[in-house]
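The structure appears right after this line, and notes come after that.
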Amino acid sequence: MNQFQYSRPTKQQAAIDAVAKDPNAAFIAGGTNLVDLMKRGVTSPQKLVDINRLPLGKIESQNNGLRIGALALNSAVAEDRQVREKQPLLALALNAGASPQLRNMATVGGNMLQRTRCAYFYDTTMPCNKRQPGTGCGALEGVNRMHAIFGFSDKCIAVHPSDMSVALVALDAVVQVSGPKGNRSIPFADFHRLPGDTPEKDTNLTPGELITAVDVPDGPFTKHVHYQKVRERASYAFALLSVAAALDIDGSNIIKAARLAMGGVAHKPWRLTTAEQMLVGKPATEETFRQAADVAMQGAKSFKYNAYKLKLGPNAIVQALKTAAAA
Amino acid sequence: MKTPEKQIGAPMDRVDGRLKVTGAATYSAEYELPGITYAVLVGSTITKGRITGIDSKAAERAPGVLAVITHFNSPKVPGFDTAGKDPSQPATVGGPIKIFHDDKIRFNDQPIAIVVADTLERARFAARLVKGQYAPEKHQTNLEASKPQAFLPTSAKKNPKNPMNDYQRGKTDAYKAGAIKLEQDYVIPTEVHHPMELQAITAHWEAPDRLTIYDKTQGTMATRRDFAKEWGLPEENVKVIATFVGGAFGNALHSWPHESAAIMAAKVVNRPVKLMLTREQMFTMVGYRPYTWQKIGMSATADGKITAITHESIGQTSSYEEFTESTLAQTRMMYQSPNLTTRYRLASLDIGSPIWMRGPGEATGAFALESAMDEMAHQLGIDPLEFRLRNYTDTDPENGKPWSTKFLKECYQLGADRIGWNKRQLKPGSVRDGDWQVGYGMGVGTFGAHRGAATVGAQLLPNGTVLLQCATTDIGPGTGTVMTQIAADTLGMDPQKIRFELGNSSFPKAGTQGGSSTVNSVGPATQQACLALKDKLRQLAAVGSAAFASAKKEDIILTDGYLTLASNSTARVPYAELLKQAGGTAVAVEAKPDGAGQKYSMYSFSVHFAEVLVHVLTGEVRVSKLVSCADAGTIINEKTAANQMKGGAVGGIGMALMEHAIIDDRYGRYITKDFADYHVPVNADSPDIQVAFVNQPDPYVNALGTKGIGEIATIGVAPAIANAVFNATGKRVRELPITPDKLV
Amino acid sequence: MNTEPENASPHDDSRRTFLKQSTLLTAMALVPGPVVSAAEAKLDERVAEAIEQVPLSLKVNGKKLKLSVEPRTTLLDLLREQLHLNGTKKGCDYGQCGACTVHVDGQRVNSCLSFAVMHDGKEITTIEGLADGDKLHPMQEAFVKHDGFQCGYCTPGQIMSAVACVREGHAGSEGEIREYMSGNICRCGAYSNIVAAIQDVKKGGQKV
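Taken in order, these protein sequences are the chains called A, B and C. Note that the first sequence covers residues 1 to 327 in UniProt numbering. Note that the second sequence covers residues 1 to 744 in UniProt numbering. Note that the third sequence covers residues 1 to 208 in UniProt numbering.
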């Protein structure tokens, strides 16, 4: 790993300035992904701005929702009483991710900003448009069993690996950012990008912008929720794909509101709004869920090694909805 | 005086447990030597071809860098000119890579340079600055594409008695004429040992002709021999220390290029060099279980008698070494089939050499054989356990010899009772528990009860304790612990007063820890050394005591401060007296196999029963229950032995459900590079594994009655799980691992 | 680097040193091109060391330390290679095995995935700091009793994780223990015995 300059500002503005001014600077919080990428030479920032001393770790109730500080640890959010009561789906998704040790390090902001686990991105000797624009996509004709079935381009078929983000996109979260030009809010669904011709850009953050918090609006999804993660071992593995499901069901088993999103299928957490709309007003039965799953999968396309996702995807949706309804 | 309790068979705590739980156990990268330096390897980025240049200038100028060694500036290694000349040498024919010796690239990530610096961070940084230039050639890393070029191993061609030759009893491929038959292909992907300790070595030239290495090795003597040869040194000038080995599972059975590189680097910088591989490098340069294609043809009568089996396999090896393993051994001896054909072939690929991985070829072969047994039982509509019983053999059908001992039927019974085999439904897919399908499966394992020569040294120390020494290693089974138990019983002493030292090539010699042979070999040496020590003490005591002069060695008792006799407690000689005499108390005894293997077929046996749950929608498989039963002869330590069995079962879960190293053949590079891509089982993948031992001594392998555990703990587990998945779902997966994509 | 205990000798005021170095770094930043690597800037060794080291105060196993480290030094490498606390193991270096688990301010973390300098002012507990002198921690005792290991390499990480698992209240059932111990890989496969050890400690009710 290269040497880098290290600073640890205690003022948010100082941190933003330090990164905004220098294209080779980066924020570091938990470090669980950045340190890994630096060790392998995938990224080599020359200046690290440690933001851990900024006061951004609180979880608080406000304006009909929860405001979760960007530096709140994944474990702290998953264990937080208010989160568990108001947004149990978020707690489930967080606990499905990584390991207890990593959840004690990883922050909410960092979790959103983690990079793809695509093997071609990680190996600096292989082509990857995300790591090195213009070199091609190694996965397109390669071993692409972990790769996207939605929203990909011929430049990149990588998927976003976060579990937490799948729940947040389903819950209509809003990302609060602060940058050289002031503060702004970004709806979670617009935070991450599709690869298009610029797969090197994972998000719509501009240089120097710092995530300060994520707002999760209160909603009716306090009971019938489930995070279905399908992986190759029982724990501590990235998803083959995952489904975040939240239902509001009335006394006669009719769905009043629904939220559905998938992970491991696209360059961003993949919200399934058409399927959600289809679910509303229908009885919460397996038959309904199967119909929603079919709707959800419309437009999915597979590559040589990930055709199984076309079958696993709808099955996982049905399972997630079934479990949520029974919760 | 109170007779000490019998230690053999007792669940004694490990003698090195305290060191391991306090972090005080020292592994090979943890020796504090003055002036230590750090080395990092630079790997090739092509798979085959030539190095045309290496730009190392920036690395050489980087802060703290002491040396950058490549084939352009490497020192002369005397052994490189003579090594690998004899292609008939088992077990790895050919020769290992001669590091930094020429411009040839034989596999991707082959080391092209080693960078040495004063700190680890600086060495790592500088290593990234080294850039190789290459003239690439067309490579092949895919076994399926190389099957047409598969060949009989050279060792078999040269020696008709070599077990890698084709085997035949009865008629060739007789299954083809059978009325009830099956013919199926089975595939095991490349699996990697991945012990938790990364391969590491600390190399220290204590003088220009004296080398000490602290190394991750399963055999201190073998490692010493290899590097003495490489550097043209007398063996006694090379010392190999491996007091603690953080797992190995076979990957430290071979001397690898990184070890040579570190030794060379230490020579060049004239300071101790520490080299620890990265997890990526653990895939490419320290061996793996080879991708193996197998085909089984089997025929049987309607009443469940096997009439013929043909088992063929093609395993991958490297372009520079012929690695072979006993993939087909179990098929030749497990079931009473009058017609049996086996054919073993290799395919050379542009990839590093494989090396035996736990349960080695037998585990690979058992996946095919035991899956096929299950398929045939299903085809016949017979319970798979009953089918195996109908084909049980009381003599070795491969050579007609009697078994030394075989308690496999007892294992079947123990296991069937514990798993609740009677709950198993003959018709697959008929049991469901909520969203999960439930199934039961079994798999049988066997492995030769191997024994080699070993020497143990024993001496009485002035404080009344006994010190035993042997060059053997302990990669995890608890060797020091069980030897202490054997010594305690033989000496009639409190085990607390016995210390068994191992992992040092300067100690009395022993073979490599591998092939489940350590207790079989070192155990009797320990026993005999302790008896010799007693006799020696008796002789020394006899000088001043008539009672001892006529005593038998079995009568000798070692107490806290003096020697006495069981038959006469008034006869006493203080240890101080004995130790005063010239020559000291030290004895060393070599114990050798007595040739019983000529008369008997000697094997350990195991059977594994699995209960699995398969999710109806996601295809995820969970092993909900696993019962492993073994006929491994005498169990010296019930606690460590059961632990070893459980560990082998967990390894089998990995093999069955998740382990799969994948190469992108376009580049010849692994795309699984770490534990995020290459999954090994975590705690949540493991059920509470039940273990049962028959615990009957084998009278022929050695005087202790042991047969070996390490391999049979894993062999047969993967097919037990695959068979249970079939029973749960009706889906037969013949290519491991059984990941959700194959079941959904 | 030096590792003198805080009270052994007067040490430069760390803040002042830090500022001084920051100033030097800022000045260096005016040199065209990347300056963080002394090699690329063609600086001599002495200058390289000066700009490449930053001060760090840590309390490790109860002992206060004033250190000077490169920012790129991970907590794991600091512990192993500079503080000679080799009980904390390197099993993957990417946060994928748990062998490097230590407690930072009482929380279990992977020491391989953070830079040491990020823990300035924090309290680190490693396996060497768990026992009370010669008296083993109950979890260490239980691991020996239940044979919760074979080769021993993952063991320090398992034990640090196990202690945290109980303290966090995640040792309520076998299933919960297995899930909350899944961040620690044991390739020898001693999982069942590890779970037994944790259950024993949990049931024993000793203070962990």
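Every residue, glycine too, gets a C-beta built ideally from N, C-alpha and C.
Counting only runs of 3 or more residues that sit fully inside the segment 430 to 455 of chain B, the beta strand (DSSP E) segments are 436 to 448, in chain order. Chain-ordered, the chain C residues with CB closer than 7 Å to the CB of histidine 194 of chain B read Arg187.
By the C-beta criterion, the segment 234 to 246 of chain A is judged to be in contact with the segment 155 to 166 of chain A, since at least 3 inter-stretch pairs fall below 8 Å. Three or more beta-carbon pairs drawn from the segment 360 to 367 of chain B and the segment 327 to 340 of chain B are found closer than 8 Å, and the two stretches are therefore classed as touching. As a beta-bridge residue in DSSP terms, histidine 192 of chain A pairs with A:Thr203. A distance below 6 Å between beta-carbons, with the five flanking residues on each side excluded, links aspartate 215 of chain A to the following residues of its chain, in chain order: Gly65, Arg67, Val174. The three-state secondary structure of valine 286 of chain B, taken from DSSP, is coil. For asparagine 110 of chain C, not one C-beta of chain B is nearer than 8 Å to its own C-beta. The C-beta separation of glycine 49 of chain B from glutamate 137 of chain B comes to about 4 Å, placing the pair in contact by the 8 Å criterion. Tyrosine 392 of chain B counts as exposed, since fewer than 16 other beta carbons sit within 10 angstroms of its beta carbon.
By the neighbour-count criterion, in which 16 or more other beta carbons inside 10 Å mark a residue as buried, proline 508 of chain B falls on the buried side. For leucine 312 of chain A, the enclosing alpha helix (DSSP H) has its first and last residue at 308 to 326. Of all residues in the segment 164 to 190 of chain C, those with a C-beta nearer than 9 Å to a C-beta of chain B are Glu174, Gly175, Ile177, Arg178, Glu179, Tyr180, Met181, Ser182, Gly183, Asn184, Ile185, Cys186, Arg187, Cys188, Gly189, Ala190, reading in chain order. Between the beta-carbon of valine 130 of chain B and that of alanine 39 of chain B there is about 12 Å, and that puts the pair past the 8 Å contact cut. Fewer than three Cβ pairs drawn from the segment 195 to 210 of chain A and the segment 270 to 283 of chain A lie within less than 8 Å of each other, which leaves the two stretches out of contact. Beta-bridge annotation (DSSP): alanine 257 of chain A is paired with A:Asp248. At a cut-off of 8 Å between beta carbons, arginine 289 of chain B makes no contact with chain C. For histidine 615 of chain B, the enclosing beta strand (DSSP E) covers residues 603 to 615.
Not a single CB atom of chain B sits nearer than 8 Å to the CB of glutamate 85 of chain A.
Annotation: valine 744 of chain B to leucine 613 of chain B spans about 14 Å, alpha carbon to alpha carbon. In this structure, the beta-carbon distance from cysteine 154 of chain C to cysteine 186 of chain C falls below 8 Å. Within the same chain, Ser155, Ala156 come within 7 Å of asparagine 162 of chain B by CB-CB distance, once the 5 residues on both sides are set aside. The beta carbons of alanine 266 of chain B and proline 257 of chain B sit no closer together than 8 Å. Phenylalanine 149 of chain C and valine 35 of chain A do not touch by the CB rule: their CB atoms are close to 28 Å apart, not below 8 Å. For alanine 139 of chain A, the closest alpha carbon among the candidates A:Pro133, A:Gln46, A:Asp154 is that of A:Asp154. Just so you know, the alpha carbons of asparagine 129 of chain A and methionine 658 of chain B end up roughly 29 Å apart. For glutamate 123 of chain C, no Cβ of chain A is located within less than 8 Å of the residue's own Cβ. Proximity of chain C to tyrosine 120 of chain A at the Cβ level (cut-off 9 Å) is not reached, the minimal Cβ distance being about 17 Å.
Distance from the CA of asparagine 193 of chain C to the CA of arginine 224 of chain B, rounded to the nearest whole angstrom, comes to 35 Å. Contact annotation: arginine 279 of chain B and isoleucine 314 of chain B have beta-carbon atoms that are not nearer than 8 Å. Taking the Cα of alanine 416 of chain B as reference, the smallest distance to any Cα among B:Ile635, B:Phe609, B:Val65 is reached at B:Phe609.
Cα atoms of isoleucine 59 of chain A and asparagine 74 of chain A: separation of roughly 11 Å, rounded to the nearest angstrom. If you look at glycine 648 of chain B, you'll find it in the alpha helix (DSSP H) that goes 638 to 657.
Serine 7 of chain A: member of the beta strand (DSSP E) spanning 5 to 7, first to last residue. Histidine 450 of chain B counts as buried, since no fewer than 16 other beta carbons sit within 10 angstroms of its beta carbon. Contacts with chain A (Cβ-Cβ distance below 7 Å) from the segment 443 to 476 of chain B involve no residue at all.
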